[in-house]
Amino acid sequence: MWRTPDPGDATMAALGHVYDRGYRRFLRVAEAIVRDGELARDVVQDAFAGAIRGRFDYRGDGALEGWIWRIVVNTARNAVRDRALSQLPLDEIDDEQATKNGRSPGGELRALLAVLPERQRLVLFLRYYADLDYRRIAEVLEIQPGTVGATLNQAHAAVRRALEEVPR
Amino acid sequence: MNDLDLVLVEVLEEDVPYRRDAQPDWADVLSRARVGVAASAGAAEPARVGSVPRQPRWLRPAAACAAAALAAALVALVTPVGGAITRGLGGFSDWLTGAPGRPAPAAEQRRFDVAGARTWAAFPEKPELRELLRVGVGEASYSLYGFRSGNAVCLRLTVRGLRRAGPLLACVARSELERSRELVIPVKASVGLGWVGDPPRVAQALVSFGFVAAGVRAVELGAGPGASTRASVANGAFLHVLDGASGGETMRSGVAVGRDGRRQPFRLAVMRSDERSGRAGLPPRGPARVERMVTGGTVGWFERRESRGESLDPALRRQLGQGPRIRIGSFARVIQPDPADFLRLVVAERAGNSGEICTFLLTRGGIGGGCTPITRAFARGPVLPSWGFSGAGQQFWIFQGVTTDVVARVEVFLATGERWPLPLRDNVVLGRIPAVKMPARVVAYDRPGRVVGVWTIRGPAQRGPRPKGDWHVVGRVNAEPGPSAVLSKASSTSGGACVRLELVGRSTSLSCYPRRFRSPIELQIQNTRLAAFVYGRVRSDVESVELSYRDGYSETLKPVDGLLLHAVPARQARDGHRVTLAVGRDAEGAALGRQQLGSGR
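Printed below as a string of structure tokens:
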């Protein structure tokens, strides 16, 4: 679904198209970052509103969707910082699950995910929730593609350790 | 994907479920951006008007080559040879200017008149039935009648000797016959009749019928190459009956044979609820790019509450008001974009001053529609469109829409290269599109001729998972009042599962799921005028599903074989009481996932 942009791609219609097509994925990544469904909705809406206001800043030097993903991720990160939510680990349902499954691999992993370094979490979310490839993740996070792979490996290694430490 | 990935994916899937029901709200985005929604489309501010990028270059090279080859084959088929044959044989002039067949028996005409009187979209002129064909197959007798009424040309099939068999009615616009260069125009294909079983699922006969051009000597239909059987042909029509069609055969193609022995192949669109096929692979034609983006805008006469079209028949108003579904307000008008056709659209305000615009399509088959907040209706563009078909075997889809005042005309482009205007009047566009010629593109223009809206209708060529193998009944429930429903399950071509909800004697809905669950519960609602059903699939670890309703009522249900089917109590199937949330729980009662349901009303 990625394409080479044409000049003037960040028109209202193009933004609306990206919004319409990717809304639920944007929402999911935002929710993964802010850990709050309602706040995530605000993040996506505000991110696209910001994209509309700043659409003339889009230079066409990358995919429009990548540019928007960057805005969504940054808006979500700012929301976390603004509301001091970065250490809020789990939502209500997950609390219930964590209690019941506290010693299960799933429960351990959820707890681990909440405390992974931010970059590792973002790479995981963009890889698994947004289904972006390494190149696009690198564009969104403004890092090198090689760094994406290395970061993902670090996250996987942490997950593997967590699994091995789960009492059988 | 290794074990670690699998565990990780599973945890991530559960951690933040995919919110299938989450609804985008572009109007809210515009509001936050302080762009606003236009009060009048004619006074669009610069921020809302701009060019739209060219269509994405998503077509893969191989697919593009295949599509081009198919398109070339199609053009070769319908243009030189087909055109020459049709011109030589005289087209459909018998239907356009003459009176094919003979007058129908008086008793049949009376039955038809009574049925017409009960229909809200009554024919513009009193139709006089002409008897075209009468055939006996097995124990049953089939009679095909035809008639013209205004711009509609219709065929009606009646059957004696079979239970649950018709009558069937299908129409095309007169203009379709005028412009067609085909030898055959099917209007119904592979319609099952004489259903038996519990639930009724086995058809005792499968019928297809349509118009034929003058001079066509024979028509053959087939489910595949080399397996064709002859249809009866007379008086400008054909009728094909496959007796004992319990094997689920589907007629997919046909051949028309002229007097000189020349043969012209044609295709049939398969429009069954569990199977669809069309011209998959052909690219859509016509403008793909919006030249002037307009958001917001109004339907001037609706805002001013002007008495356009016709008033709403009190009996129809009562019918719309029955049941729990949608209550319309005092202002409602019936618009008939083509005065010579019987398709009409009710445009109404919703009761309670909710700021919503409601539309209901009136056809011979019934009424269907819904409401949308005006602030959202035109947030993406100047047309609020919808399209689809109603009834098994239909070969034509209906495109309908309400436009803002900025739209001056609407045109449809077919995969065959043909194009024609869709009837537009009083901001309502309403017309038919042949399914076998899809994908189609509907294009809206403003007064200077700039493209202000484009919709691609893939129709039966829509890609996606399909059911395969046998269907197994998983559950059945009765709604009181309302229909009974049967839920069945089959494998899917994607490796997942397909479920089919049959509202017995009324309609069938099909959903196919991917192998992987997006969330532990994946439910949907089927509303009818008098009842509502919640159904769908749940993950294997979901032991119970708790439904919560807006008024505080809740109930807990047990899935069967990974599926859920529930008839919502009648008192809960109305505004203010509807189901709003489903929570899937494991054996210990722990919540595994939740899903918002319905419109929140």
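Protein chains in written order, with the numbering used here: chain A, 1 to 168; chain B, 169 to 769. The C-beta atom is built at its ideal place from N, Cα and C for all residues, glycine as well.
For a cutoff of 7 Å on Cβ pairs, would you count residue 81 of chain A as touching chain B? Taking the first sequence and counting its residues from 1, the one referred to as residue 81 of chain A is at position 81. Taking Cβ atoms only, chain B never reaches closer than 7 Å to residue 81 of chain A, which makes this a no.
Closest by C-alpha distance to residue 454 of chain B, when choosing among B:176, B:597, B:588: Here residue 454 of chain B refers to the residue found at position 286 when the second sequence is read from its first residue. Among B:176, B:597, B:588, the Cα nearest to that of residue 454 of chain B belongs to B:588.
Could you round the C-beta distance between residue 34 of chain A and residue 76 of chain A to whole angstroms and report it? I think they count as a contact, below 8 Å. In the first sequence, counting from the first residue as 1, residue 34 of chain A sits at position 34. In the first sequence, counting from the first residue as 1, residue 76 of chain A sits at position 76. With 8 Å as the limit, residue 34 of chain A and residue 76 of chain A qualify as a contact, their Cβ atoms being about 5 Å apart.
For residue 47 of chain A and residue 458 of chain B, what's the separation of their Cα atoms in angstroms? Locating residue 47 of chain A in the first sequence gives position 47, where the first residue counts as 1. Locating residue 458 of chain B in the second sequence gives position 290, where the first residue counts as 1. One C-alpha to the other measures close to 24 Å.
C-alpha gap between residue 667 of chain B and residue 704 of chain B, whole angstroms: The residue given as residue 667 of chain B occupies position 499 in the second sequence. The residue given as residue 704 of chain B occupies position 536 in the second sequence. Each residue's alpha carbon lies about 7 Å from the other.
Can you list, in chain order, the residues of the segment 46-69 of chain A whose Cβ is nearer than 7 Å to any Cβ on chain B? 46, 48, 49, 52, 53
Cβ shell of residue 123 of chain A (< 8 Å), same chain only, five flanking positions each side left out: Position 123 of the first sequence, counting from 1, holds the residue named residue 123 of chain A. Within the same chain, residue 123 of chain A has close Cβ partners 137, 141, 148, 151, 152, 155.
Helix, strand or coil for residue 132 of chain A? Go by DSSP, reduced to three states. Here residue 132 of chain A corresponds to residue number 132 of the first sequence, with the count starting at 1. Note: residue 132 of chain A maps to coil in three-state DSSP.
Among B:262, B:664, B:578, which residue has its Cα nearest to the Cα of residue 404 of chain B? Reading the second sequence from its first residue, position 236 is the one you call residue 404 of chain B. Of B:262, B:664, B:578, the residue nearest in Cα terms is B:262.
Please check if any C-beta of chain A sits within less than 7 Å of the C-beta of residue 300 of chain B. By 1-based counting over the second sequence, the position of residue 300 of chain B is 132. For residue 300 of chain B, the answer is no, since every Cβ of chain A falls outside 7 Å of its Cβ.
Taking Cβ positions only, does residue 77 of chain A come closer than 7 Å to chain B? As a working mapping, residue 77 of chain A is identified with position 77 in the first sequence. No, because no Cβ of chain B sits closer than 7 Å to the Cβ of residue 77 of chain A.
According to DSSP, is residue 156 of chain A helix, strand or coil? By 1-based counting over the first sequence, the position of residue 156 of chain A is 156. Three-state DSSP puts residue 156 of chain A in a helix.
Just checking my contact of residue 359 of chain B with residue 340 of chain B at CB under 8 Å: how many whole Å lie between their CB atoms? Here residue 359 of chain B corresponds to residue number 191 of the second sequence, with the count starting at 1. Here residue 340 of chain B corresponds to residue number 172 of the second sequence, with the count starting at 1. Going by Cβ atoms, the distance from residue 359 of chain B to residue 340 of chain B rounds to 16 Å, so no, they are not a contact pair.
Of the residues B:546, B:556, B:584, B:564, the one placed nearest residue 570 of chain B, counting alpha carbons only: Taking the second sequence and counting its residues from 1, one reaches residue 570 of chain B at position 402. It is B:546 whose Cα lies nearest to the Cα of residue 570 of chain B.
Between residue 299 of chain B and residue 270 of chain B, is the Cβ-Cβ spacing less than 7 Å? Here residue 299 of chain B is taken as the residue at index 131 of the second sequence, counted from 1. Here residue 270 of chain B is taken as the residue at index 102 of the second sequence, counted from 1. Against a cut-off of 7 Å, the Cβ pair of residue 270 of chain B and residue 299 of chain B comes out as a contact.
Cβ-based neighbour list, residue 467 of chain B, same chain, cut-off 8 Å, excluding 5 preceding and 5 following: Start at 1 with the first residue of the second sequence, and residue 467 of chain B comes out as number 299. Result list for residue 467 of chain B: 515, 525, 570, 571, 572, 573, 595, in chain order.
Residues bridged to residue 592 of chain B (per DSSP): As a working note, residue 592 of chain B is residue 424 in the second sequence. Beta-bridge pairing links residue 592 of chain B to B:597.
For residue 105 of chain A, the three-state DSSP class (helix, strand or coil): As a position in the first sequence, residue 105 of chain A is number 105, starting the count at 1. In this predicted model, residue 105 of chain A has a pLDDT of only 44, less than 50, meaning its place in the structure is not dependable enough to derive any value.
Is there contact here, the segment 640-656 of chain B with the segment 603-616 of chain B, by at least three beta-carbon pairs under 8 Å? no
Is there at least one Cβ from chain B nearer than 7 Å to residue 140 of chain A's Cβ? Position 140 of the first sequence, counted from the first residue, corresponds to residue 140 of chain A. Not closer than 7 Å to any Cβ of chain B, the Cβ of residue 140 of chain A fails to qualify, so no.
Within the segment 597-663 of chain B, ranges of the beta strand (DSSP E) (whole runs, at least 3 residues): 608-613, 619-625, 635-646, 652-660
Could you name the residues of the segment 116-137 of chain A whose beta carbon sits closer than 9 Å to any beta carbon of chain B, in the order they occur along the chain? 124, 125, 128, 129
Rounded to the nearest angstrom, what separates residue 433 of chain B and residue 619 of chain B at their Cα positions? Sequence index remark: in the second sequence, residue 433 of chain B carries index 265 (1-based). Sequence index remark: in the second sequence, residue 619 of chain B carries index 451 (1-based). Taking the straight line from one Cα to the other gives about 35 Å.
Answer with yes or no whether the minimum CB distance from residue 802 of chain B to chain A is below 7 Å. Outside the modelled stretch of chain B, which goes from 169 to 769, sits residue 802 of chain B, for which no answer is possible.
Any chance the segment 746-758 of chain B sits against the segment 173-192 of chain B, with 3 or more Cβ pairs inside 8 Å? no
Entirely within the segment 309-385 of chain B and at least 4 residues each: give me those alpha helix (DSSP H) ranges in chain order. 342-347
Can you grab the Cα-Cα spacing for the pair residue 692 of chain B / residue 342 of chain B, in whole Å? Locating residue 692 of chain B in the second sequence gives position 524, counting from the first residue. Locating residue 342 of chain B in the second sequence gives position 174, counting from the first residue. Distance between the alpha carbons of residue 692 of chain B and residue 342 of chain B is about 39 Å.
Short CB-CB distance (under 7 Å) between residue 159 of chain A and chain B: Within the first sequence, the letter at position 159 stands for residue 159 of chain A. Answer yes: the Cβ-Cβ gap between residue 159 of chain A and chain B drops below 7 Å somewhere.
Does the separation of the CB atoms of residue 37 of chain A and residue 31 of chain A fall below 7 Å? The count along the first sequence starts at 1 and reaches residue 37 of chain A at position 37. The count along the first sequence starts at 1 and reaches residue 31 of chain A at position 31. Going by C-beta atoms, residue 37 of chain A is nearer than 7 Å to residue 31 of chain A.
According to DSSP, simplified to helix, strand and coil, what is residue 764 of chain B? Position 596 of the second sequence holds residue 764 of chain B. Note: residue 764 of chain B maps to strand in three-state DSSP.
Where the segment 14-32 of chain A meets chain B: residues whose CB sits under 7 Å from a CB there: 14, 16, 19, 20, 23, 24, 27, 28, 31, 32
If you draw a straight line from the alpha carbon of residue 585 of chain B to that of residue 579 of chain B, how long is it in whole angstroms? By 1-based counting over the second sequence, the position of residue 585 of chain B is 417. By 1-based counting over the second sequence, the position of residue 579 of chain B is 411. The alpha-carbon atoms of residue 585 of chain B and residue 579 of chain B are separated by roughly 13 Å.
Going along the chain, which residues of the segment 575-596 of chain B sit with their C-beta nearer than 7 Å to a C-beta in chain A? none
Residue range of the alpha helix (DSSP H) that includes residue 543 of chain B: As a working mapping, residue 543 of chain B is identified with position 375 in the second sequence. Residues 542-545.
Measuring alpha carbon to alpha carbon, tell me which of B:277, B:178, B:473 ends up nearest residue 324 of chain B. Your numbering for residue 324 of chain B matches position 156 in the second sequence. Selected option, being the one with the closest Cα: B:277.
Taking Cβ to Cβ, would you say residue 388 of chain B is nearer than 7 Å to residue 423 of chain B? As a working note, residue 388 of chain B is residue 220 in the second sequence. As a working note, residue 423 of chain B is residue 255 in the second sequence. Closer than 7 Å, so yes.
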